[in-house]
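In the numbering used here, the protein residues as written are 1 to 236.
Working notes, beginning with the structure itself.
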């Protein structure tokens, strides 16, 4: 529920966009985001995949720069960006992609079943820090779209396997490469009621981040019902 009739709140020159959502925050982790629309909305701002969908509905490069497909359609050589930093300042590399795929391929992966089933058919190999080879079981023209899955930071989760990931503290303290990073989570007892994001300083260092943002901060307010959201809007 977007506050369509209420302009973004401006506090000391900082523009904050507030949005009401219905449901629960479970895990701010892209590997689980498809299980919960509320999680999906937020993780899409925090994390990035190797590819993304542009304004025209086309698959374009994101954390990748380009990819080359073998003549038989079974092998993809994917070049990765060398100018990306995680929100904590550590450089993004191919190790992060390999680690993320290893979690998806594990029989103990607790995310969407179809996600794990698909990635278990894909072989992945790190060639160097910015080059990955994927080998498919059969030609698949939609593989670049599958590369949209959000990538996790290997350095922040080192030693964590797929069985442990579901309950890892990282899920509520995410570190991504996206345009926004977590600023605060506010709870009412055991229930998360607000998730605040702000523009990630390290994203601003990238060419696409230099132009600035109309929205410095995004605040998600979590409600139990549609009626509660309407009441929140009416209360300002």
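Yeah, the Cβ is synthetic: ideal placement off N, Cα and C, and Gly gets one too.
This structure is a prediction, so every number in the text was calculated from the model and none was measured.
Own chain residues within Cβ distance below 8 angstroms of residue 161, not counting five before or after: If you number the chain shown from 1, residue 161 lands on position 161. The residues are 103, 106, 108.
Beta-ladder partner(s) of residue 79, from DSSP: Start at 1 with the first residue of the chain shown, and residue 79 comes out as number 79. Answer is 66, 131, bridged to residue 79.
Nearest to residue 177 (by Cα), restricted to the options 168, 124, 82: In the chain shown, counting from the first residue as 1, residue 177 sits at position 177. When each option's Cα is compared against that of residue 177, the closest is 82.
The stretch 63-79 touching the stretch 200-208, judged by at least three CB pairs closer than 8 angstroms: no
3 or more residues per run - each beta strand (DSSP E) lying fully within the stretch 110-178: 123-128, 131-135
Coil, strand or helix - residue 27 by DSSP: For the purposes of this step, residue 27 is taken as the residue at position 27 of the chain shown. In this structure, residue 27 counts as coil in the three-state DSSP scheme.
Burial state of residue 32 (16 or more Cβ within 10 Å): Numbered from its first residue, the chain shown carries residue 32 at position 32. Residue 32 is buried by the Cβ-count criterion.
Residues near residue 138 by beta carbon distance below 7 angstroms, same chain, minus five either side: Position 138 of the chain shown, counting from 1, holds the residue named residue 138. There are no such residues.
Residue 151 vs residue 100 beta-carbon contact at 7 angstroms: Within the chain shown, the letter at position 151 stands for residue 151. Within the chain shown, the letter at position 100 stands for residue 100. Their beta carbons are under 7 angstroms apart, which means residue 151 touches residue 100 by this criterion.
As assigned by DSSP and simplified to three states, the class of residue 205: Position 205 of the chain shown, counted from the first residue, corresponds to residue 205. Coil, per DSSP.
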